[in-house]
Every structure is written in C-alpha cells, then in structure tokens.
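Data first, discussion second: the structure below is written as structure tokens.
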Amino acid sequence: MRNELGILPTRPVDFRHRYSISDLSCLTDAERRRFLAGADPDPQTNPAIAWELLYRLEPELYDRLIKAERIHRAVVDWLPRRVPRIVEVGAGNGRLTTDLVNRCDELIAIEPAAPLRERLSARLAAAGQRLRVLDGFFDDLPVADRSANLVVACSAFTPDPAHGGDVGLEEMERVCAIGGRVVIVWPNRVEWLLERGYIYQSFPGHMALAFDSLEEAIELAQIFYPDAVDEIQRRGDRTVPYETVGTNPPRDLAWKAVAD
15 MRNELGILPT
25 RPVDFRHRYS
35 ISDLSCLTDA
45 ERRRFLAGAD
55 PDPQTNPAIA
65 WELLYRLEPE
75 LYDRLIKAER
85 IHRAVVDWLP
95 RRVPRIVEVG
105 AGNGRLTTDL
115 VNRCDELIAI
125 EPAAPLRERL
135 SARLAAAGQR
145 LRVLDGFFDD
155 LPVADRSANL
165 VVACSAFTPD
175 PAHGGDVGLE
185 EMERVCAIGG
195 RVVIVWPNRV
205 EWLLERGYIY
215 QSFPGHMALA
225 FDSLEEAIEL
235 AQIFYPDAVD
245 EIQRRGDRTV
255 PYETVGTNPP
265 RDLAWKAVAD
C-alpha cells in the first residue's frame, strides 16, 4: 500500500533499536542517578532504559500501547471500594488512576516521567483538588508516614532497585497506614514478593489486547512484539491474545496488610 505521495510506507523501528545512548540526554540528574547507576546505559541492550526513554520521548506511543492493555475488571473490583486516601506509585499516564480516583477522597499519584505526569493531569483534570500529581521515585516517596489507606503500583514495580526493589517496598509500606494495604498490580516477579510476605491473587478468564484496528495492532506489534506480527496478520483480528505476544495478562496482584 502506498501513501498519498505514492511512497511505500516503511516498517516502524522496533523497540530494541528505537533509541540510542545519545537519547539519554532527556533524563534529569535524579533520573540518571537512579536508572543508570551500575546499569548498562545502552537502550538497545537494556530494555529497562528503553522504556524510560519511551515515556519521555514518545509518550503518545506509550498511550497507544497501554490503551490496548485492559486490566482485568476483577483486579479493580478487588481493591477497597472507598478509603480516605490512596497513593499510587509509578502512575504513568493513568492506566489504573482513572479507576482509583473514584475510590477515595484524595488520590496522590506519583510519577517520575514529566511527560506522563502532564498527560495524567490533563486526563483527570475533572478530579480537581481530589487528585495531586507529584514527581517522585520508589526510593523516596514525597508522602508522610502512615498517611494512605491504600498504596498501589501497577506494572511499575520490579525487584530492580531502580524501579522499586527492597527500598521501594519499604517506602510503600512506610507510607501505608496501619491496617491498610500495599498492592502490586500486574507484578513482575511474584516469587520475589512472596519471599517478602506478600500474598498472590490471580483472576481467571481469557484476556486479549484490544487495539482500535487491525492496522494499529500490526503497527504496534512491529514495534513492541515483532515476533508476533506474522500471527496477528494471519488471524486478521484487532484483538490479540496475550499468549500471542508472549506476555502475562494483567489479571493478577500481590498484596500485604500493614501491621503495627
């Protein structure tokens, strides 16, 4: 297929080759200290760095990807229906925040990537003073001790100290009120959390990524799931089972009640 200029469209650059070391200039000093300390700085060999660059350089592309990733409704329903205050860490552009804001009197959403904070603030502008969007990292949450009834992170926490680790868990538990819960939605390493006293919960049911169109499914797969492109084209469907892309569906969580 040719575009209006009669030029054959080019295949999108896949995620593994999308960014280079020169793109690290977009990171702040605080981000560099956390994300680059002792780590491979090359985004073409370190996917964690590539994701950080995606959030800052192409937040609109990230928006399109996570729009297709629908969190299992039972995960949201499992959360408390109403509490005075929720703190969400690594809130991104609001994947879970849109559900959390209606479950509390005050929501503090913490996100280190400025472009995602901007999108989150715009998306939930109607929440007014009930929502505060703050800059912050897992290892130094800008929230007082025992000040939130629910502390949650969705697809943001990992055992890597740059994205949580033991210090991040300690910070989330510090912020959580006695009797409240710390919840990791769509956890990265379940066994690691179990070793630290967390309880795992998974919900049944078939799950698929729901893209706006088959064309978008193919385009985004070319970037993020290149090994799945042929199968997506063969199926000819805008909904793509998580098994096809080789990713665990967003149907689980790990939680811990904070005791005195």
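Residues in the sequence shown are numbered from 15 upward in steps of one, following my numbering.
We put the CB at the ideal spot given by N, CA and C, even for glycine.
1) With a threshold of 8 Å, are at least 3 pairs of Cβ atoms found where one atom belongs to the segment 217-234 and the other to the segment 246-254?
2) Pair every Cβ in the segment 201-209 with every Cβ in the segment 89-103, then say whether three or more of these pairs are closer than 8 Å.
3) DSSP state of residue 103, grouped into three classes?
4) Is the segment 37-47 close to the segment 157-174, with three or more CB pairs under 8 Å?
5) Here's a check: name, in chain order, each residue in its chain whose Cβ is nearer than 8 Å to the Cβ of residue 243, leaving out the five neighbours to either side.
6) Should residue 86 go down as buried or exposed, given a rule of 16 or more other Cβ atoms within 10 Å for buried?
7) Note down, one range per segment and in chain order, each beta strand (DSSP E) of at least 3 residues found wholly within the segment 153-199.
8) How big is the Cα-Cα spacing for residue 248 and residue 96?
9) Which of helix, strand or coil does DSSP assign to residue 73?
10) Tell me which residues share the same chain as residue 155 and place their Cβ nearer than 8 Å to its Cβ, disregarding the 5 neighbours each side in the sequence.
11) In terms of residue numbering, what span does the beta strand (DSSP E) encompassing residue 255 cover?
12) On a Cα-Cα basis, can you pick out the residue from 138, 83, 146 and 54 that is closest to residue 200?
13) Quick check on residue 177: buried or exposed, where buried means 16 or more other Cβ atoms within 10 Å of its Cβ?
14) Among the residues of its own chain, which have a CB less than 8 Å from the CB of residue 215, if the five just before and after it don't count?
15) What's the call for residue 59, buried or exposed, on a 16-neighbour Cβ count within 10 Å?
16) Tell whether a beta-carbon distance below 8 Å holds between residue 168 and residue 109.
17) Flag this pair as yes or no: are the beta carbons of residue 274 and residue 213 separated by less than 8 Å?
18) Near residue 64, which residues of its chain fall below 8 Å by C-beta distance, leaving aside the five closest residues on each side in sequence?
19) Pull up the CB-CB distance for residue 62 and residue 174, whole angstroms please, since I reckon it's below 8 Å.
20) Taking residue 257 as the reference, which of 137, 131, 220 and 145 has the closest Cα?
21) Please classify residue 35 as buried or exposed, where buried requires at least 16 other C-beta atoms within 10 Å of its C-beta.
22) Can you tell me which residues form a DSSP beta bridge with residue 123?
According to the structure data:
1) As far as the Cβ criterion goes, the segment 217-234 touches the segment 246-254, which means the pair count is three or higher.
2) Inter-segment contact for the segment 201-209 and the segment 89-103 is absent: fewer than three beta-carbon pairs are separated by less than 8 Å.
3) The DSSP-derived three-state label of residue 103 is strand.
4) The segment 37-47 vs the segment 157-174: no contact.
5) Closer than 8 Å at Cβ, skipping near neighbours: 232, 235 and 236.
6) A residue is called buried when at least 16 other Cβ atoms come within 10 angstroms of its Cβ; residue 86 meets this threshold and is buried.
7) Listed in chain order, they are 162-168 and 190-199.
8) Distance between the alpha carbons of residue 248 and residue 96 is about 45 Å.
9) The three-state reading of DSSP puts residue 73 in helix, counting H, G and I together.
10) Cβ contact annotation for residue 155 (same chain, cutoff 8 Å, sequence separation greater than five): 101, 103, 124, 185, 186, 188 and 189, in chain order.
11) Boundaries of the beta strand (DSSP E) around residue 255: 253-255.
12) Checking every option, the nearest Cα to that of residue 200 belongs to 83.
13) With 16 or more other Cβ atoms from the protein chains shown falling within 10 Å of its own Cβ, residue 177 counts as buried.
14) Closer than 8 Å at the Cβ level, and outside the excluded window around residue 215, lie 92, 266, 267, 268 and 269.
15) Classification of residue 59: exposed, given that the 10 Å Cβ count is below 16.
16) Yes. Within cutoff.
17) The criterion of a C-beta distance shorter than 8 Å is not satisfied by residue 274 and residue 213.
18) Correct list, in chain order: 29, 30, 32, 33, 57 and 58.
19) Going by Cβ atoms, the distance from residue 62 to residue 174 rounds to 7 Å, so yes, they are a contact pair.
20) If you compare the alpha carbons of 137, 131, 220 and 145 with that of residue 257, the shortest gap goes to 220.
21) Exposed.
22) Paired residue(s): 102 and 147.
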